[in-house]
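Residue numbers (my numbering), protein chains in the order written: chain A, 1 to 483; chain B, 484 to 764. The next block holds one structure in the form of structure tokens; read it before the comments.
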């Protein structure tokens with residue numbers, strides 16, 4: 001390889017970040033990102049593996065031509081880099097921030113054998129940010145209309161990616177969103193300090209520019225029925241996510257100041273309750289908070305609580321640190337910011353005061369047992385080990401499941417016992433012309449997997465629109481078992 | 484983006500406004516007992532309001548809004564031609580409209596606007612409808628004419644006796660049941676304390692009772708659980724599992740406590756708003 005030998009730069013160019021003491025006072029972004037010079041330097045470390053081999057591309061669920069955009073970037077051609085990324089990824093400013101790159105594109109980067117892997121995520125982010133600040137837009141040619149109309153239900157990462165792909169194929173696309181702002185988890189779930197909402201809005205503008213229509217305030221199943229959509233559109237894609245929070249079935253769970261992470265984060269992110277009373281939605285500003293769970297949602301909730309001014313924030317997790325599902329980077333960020341972690345504990349009761357407000361959480365200590373169905377060691381309570389932790393608010397972040405109410409009016413749509421939508425390997429549901437992807441078929445997963453689903457489902461939808469073929473029986477595909 | 488334009492407005496009583504708003508998609512699917520979530524403007528909160536009436540052909544919905552805090556007071560200053568930024572709906576399950584024989588409607592204050600479409604649908608279904616509508620005092624009486632048009636009998640109560648029967652709706656309900664009326668259903672909406680009392684009375688008489696619950700809501704589509712209530716010992720979400728529930732199974736004390744969760748913040752928001760308004764904002 002011509003770029004090998006002594007010119008290889010083993011070390012990553014570091015990414016500037018704000019200091020913890022400063023950043024926990026506000027909701028502004030923690031990671032500041034590369035300058036043009038830094039980005040060009042980091043991009044020049046890429047060994048430029050051939051596209052048909054490059055392991056980074058294989059690791060990206062939407063198959064971004066990574067060596068291609070890095071080549072443009074190291075020449076300082078940001079527009080060229082942006083156009084290459086956006087051939088397959090309509091939301092680079094978002095994915096560059098929220099993808100777990102260490103498990104995806106960066107995982108098998110060849111550079112990892114001789115030094116640090118290329119910082120693909122931060123470079124993708126740089127390209128998007130630089131382009132946004134300098135008004136650089138990709139040139140996209142929309143082919144002539146095919147006359148086919150597609151309805152996308154849900155404007156989260158899965159729906160938006162499917163919408164962009166289908167639009168670029170020349171189909172007419174309309175997206176229906178239940179909330180007042182599109183973006184799904186990107187606007188209500190992921191906090192401003194990880195993903196500024198201004199960036200979400202900007203990247204959604206691109207979708208309207210290429211002719212994707214987004215209608216908000218439409219709850220499919222209520223405002224319109226899925227049947228209405230089936231008569232009016234040639235195909236439907238369901239990207240409705242997994243938005244129903246799980247609550248703990250223990251005494252006191254309905255005490256005041258006990259939130260689902262969804263409620264807490266929706267108030268903070270979507271409704272901007274951290275700016276109350278400039279914004280009308282209130283939120284409690286607790287002193288001592290317990291966040292229950294060990295995933296990314298728990299980290300987001302804990303770090304948001306700190307920024308609201310909480311003096312002590314505890315993350316309570318029933319397994320060990322190594323078994324947390326949250327991204328390592330986010331756990332480190334949380335630790336740096338002063339979030340306290342308690343492992344191998346599980347709540348058994350919430351204790352309320354006479355006004356009904358939570359005042360303590362009663363915990364039981366756990367030990368790890370044999371692996372359960374998901375292959376992870378099962379936590380087992382240790383009898384007699386209960387103790388109390390005093391708190392004045394609790395945020396429950398133990399997972400979400402798909403909203404079943406959405407599809408009540410269409411019983412032919414088959415669901416699994418977990419409530420996810422049954423699809424085959426081509427994302428086809430048990431209703432002809434209806435496809436589904438993202439958390440709606442996987443249960444709670446990641447932004448980029450949802451985007452990958454939307455991207456691949458768009459191809460299946462296009463194929464269906466051309467052939468009209470639908471199998472007599474749908475063979476359920478287990479997307480969770482992939483990887 | 485659809486514009487939800489206000490096409491008519493009327494003051495029904497001090498601090499109680501009736502609005503007619505263009506919302507064709509919602510009007511097309513609305514059913515009695517359902518509600519909408521309203522956000523007035525970019526900085527606004529999302530609040531639930533029950534659908535009072537609607538017209539699918541003309542594409543409008545009607546809402547009755549009592550000024551109880553910042554958002555509802557601000558909405559009270561909206562006039563014909565103004566528009567509301569977001570309205571989502573129709574949400575919640577429709578009331579189960581069936582043939583019950585005699586139905587007694589018990590509603591307090593602005594809860595009468597919640598009961599109205601339900602009472603109307605029950606009457607159209609062939610039930611004999613007795614409506615008990617209660618208010619604090621004479622000047623707060625609303626919707627009496629509307630209820631007279633769709634009821635077989637209307638009892639108006641005022642706490643101070645300044646109009647109609649003196650006393651609470653629950654007093655009127657109690658005497659009605661004691662006088663031998665045997666309803667197949669009692670339907671109630673209004674203050675939590677009233678609904679709780681209605682449930683206590685009808686339980687003694689073994690009468691099926693639905694209450695339309697009014698907890699705090701954020702999204703109104705089942706994704707957050709802010710509106711959770713305990714019914715028969717189980718946690719349910721009022722926005723998607725209700726808002727109507729068997730009143731004999733509802734934990735009303737818990738509902739009352741949860742409704743008071745943001746009293747302090749509500750006061751702050753209102754004070755700030757009143758200051759802005761008085762400065763001519």
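Don't be surprised by glycine CBs; every beta carbon is placed ideally from N, CA and C.
Chain order gives no chain A residues near residue 493 (chain B), where near means a beta carbon separation below 7 Å; the closest approach is about 25 Å.
At a Cβ-Cβ threshold of 7 Å, residue 640 (chain B) and residue 663 (chain B) do not count as neighbours.
Collapsing the DSSP output to three states places residue 100 (chain A) in coil. Residue 404 (chain A) and residue 520 (chain B) have their C-alpha atoms spaced approximately 20 Å apart. At least one beta carbon of chain B lies nearer than 7 Å to the beta carbon of residue 247 (chain A). If you check each beta-carbon in the region 176-204 of chain A against every beta-carbon of chain B, the ones closer than 7 Å belong to 178, 179, 180. Across the set A:130, A:132, A:388, A:167, the C-alpha of A:167 shows the shortest separation from the C-alpha of residue 144 (chain A).
Nearest to residue 622 (chain B) by C-alpha distance, out of B:753, B:636, B:707, B:644, is B:644. Residues of chain B whose Cβ lies closer than 7 Å to the Cβ of residue 266 (chain A) are, in chain order, 701, 702, 707. Using beta-carbon distances, residue 59 (chain A) does not count as an interface residue toward chain B, since no partner is under 7 Å. Measuring C-alpha to C-alpha distances from residue 670 (chain B) to each of B:575, B:529, B:587 identifies B:587 as the nearest. Of the candidates A:34, A:276, A:340, A:275, A:34 places its Cα closest to the Cα of residue 127 (chain A). Judged by DSSP in its simplified three-state form, residue 388 (chain A) adopts strand. DSSP places residue 513 (chain B) in the coil class of the three-state scheme, outside both helix and strand. Scanning its chain for C-beta atoms nearer than 7 Å, with the 5 sequence neighbours on each side dropped, one finds around residue 558 (chain B) the residues 523, 548, in chain order. Residue 262 (chain A) sits in a helix when the DSSP states are folded into three classes. Taking the beta carbon of residue 271 (chain A) as reference, the chain B residues within 8 Å of it are 528, 529, 701, listed in sequence order. Residue state for residue 419 (chain A) is assigned as coil, using DSSP reduced to three classes. Chain-order list of chain A residues neighbouring residue 718 (chain B): 247, 249, 253, 254, by C-beta distance under 9 Å. Shown here, residue 603 (chain B) sits in a helix according to DSSP, grouped into three states. Taken through DSSP and simplified to helix, strand or coil, residue 217 (chain A) comes out as coil. Burial of residue 104 (chain A) is indicated by the presence of at least 16 other C-beta atoms within 10 angstroms of its C-beta.
Take the alpha-carbon of residue 78 (chain A) and the one of residue 448 (chain A): they are about 23 Å apart. Listed by position along chain A, the residues whose Cβ is nearer than 8 Å to that of residue 752 (chain B) are 276, 277, 280, 282.
Of A:200, A:135, A:171, A:139, the smallest CA-CA separation from residue 155 (chain A) is found for A:200.
C-alpha of residue 211 (chain A) to C-alpha of residue 173 (chain A): approximately 8 Å in a straight line. Taking a contact as a CB-CB distance under 8 Å, the pair residue 42 (chain A) and residue 110 (chain A) does not count as one, their CB atoms being some 15 Å apart.
The three-state secondary structure of residue 572 (chain B), taken from DSSP, is strand.
According to the DSSP assignment, residue 351 (chain A) belongs to the beta strand (DSSP E) that extends over 345-352. Excluding its 5 nearest sequence neighbours in each direction, residue 636 (chain B) has C-beta neighbours in its own chain below 6 Å: 613, listed in chain order. Residue environment analysis places residue 218 (chain A) among the buried positions, since at least 16 neighbouring C-beta atoms fall within 10 angstroms of its C-beta.
Against chain A, the CB of residue 567 (chain B) has no partner CB under 7 Å away; the residue lies outside that interface.
In the assembly as shown, residue 657 (chain B) is a buried residue. Its beta-carbon has 16 or more other beta-carbons within 10 Å. For residue 80 (chain A), the enclosing alpha helix (DSSP H) starts and ends at 78-86. Contact check for residue 289 (chain A) against residue 315 (chain A) fails: the beta carbons are separated by 7 Å or more.
Scanning its chain for C-beta atoms nearer than 7 Å, with the 5 sequence neighbours on each side dropped, one finds around residue 445 (chain A) the residues 439, in chain order.
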